[in-house]
Amino acid sequence: MPGRNLVNWYEATDSDTRLERRRFGKWVRKLRSYYNLSRKELAARMFVSVETVDRIERGCVDPTLNDFRQKVYKAVTKETMRISV
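Residue numbers for the sequence shown follow UniProt numbering, so the first one is 1 and each next one is one higher.
The structure is reproduced here in structure tokens:
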């Protein structure tokens with residue numbers, strides 16, 4: 001059961017690590033809100049799934065994994081090109 005492994009992994013981490021993940025998730029949520037991005041838009045800019053953004057915001061993802069801090073910052077500050085015809 002994949003869910004059981006996730007629970008065991010989460011419980012095995014110390015409280016400081018969990019706190020850091022929650023803080024990172026809050027930071028991502030605030031940035032996303034500030035830049036008026038949906039989860040889907042942020043996910044597309046980060047080249048990850050919407051589920052990954054959701055997990056980040058809930059504090060389930062280690063921010064040091066895959067340079068998520070840098071990816072989030074680049075994604076929210078990236079300008080999108082709009083083409084009108």
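By construction, the Cβ of each residue, glycine as well, lies at the ideal position given by its N, Cα and C atoms.
For the alpha helix (DSSP H) holding residue i, just list the boundary residues, first then last.
i   : result
Y35 : Careful: Y35 lies outside any alpha helix (DSSP H) and carries neither H nor E.
V50 : V50 to E57
F68 : F68 to T77
With 16 as the cutoff for other CB atoms within 10 Å, does residue i come out buried or exposed?
i   : result
E51 : exposed
L42 : buried
D14 : exposed
R21 : buried
In terms of alpha-carbon separation, which member of the options lies closest to residue i?
i   : options               : result
D54 : D14, S15, E20 and V28 : V28
R18 : F68, S33, P63 and K74 : P63
D16 : A75, F68 and G59      : G59
With a Cβ-Cβ cutoff of 8 angstroms, do residue i and residue j count as a contact?
i   : j   : result
L31 : V72 : yes
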